[in-house]
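In this note's numbering, the protein residues as written are 927 to 1019.
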């Protein structure tokens, strides 16, 4: 079981993550969406497409743009559609 934790709270856990480029992508149903707030931040990956970001909000603390997903990935990355990955201090193990 892989978990994503920040500020003492589990944000996602699954034994069905997809690991790409060293990042665990969590299935949408394994994510505590109530702890994520959509932001306007986006980035472009040449082969995955446009990533949309979320601020992680736990116990009044905010971690801006610490999670991302591909809502409309390129065909080569279709398996990542709506899966969520974390960084910026979110512990994934």
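Beta carbons are placed, not taken as given, at the ideal position from N, Cα and C, and that holds for glycine.
Only a predicted model underlies this, so the values are computations on that prediction, with no experimental measurement involved.
Taking a cut-off of 8 Å for Cβ pairs, the region 982-999 and the region 955-968 touch, as three or more such pairs fall below it. The DSSP-derived three-state label of residue 960 is helix. Under the 10 Å beta carbon count, residue 930 is surrounded by 16 or more other beta carbons and is classified as buried. Residue 1003 sits in a helix when the DSSP states are folded into three classes. Per DSSP, residue 1019 lies in no beta strand (DSSP E) and is assigned neither H nor E. Spanning the alpha carbons of residue 1011 and residue 1001 requires a straight line of approximately 19 Å.
In its chain, beyond the 5 residues on either side, 951, 996, 999 have a beta carbon closer than 6 Å to the beta carbon of residue 1006.
Here the C-alpha atom of residue 973 lies approximately 33 Å from the C-alpha atom of residue 987.
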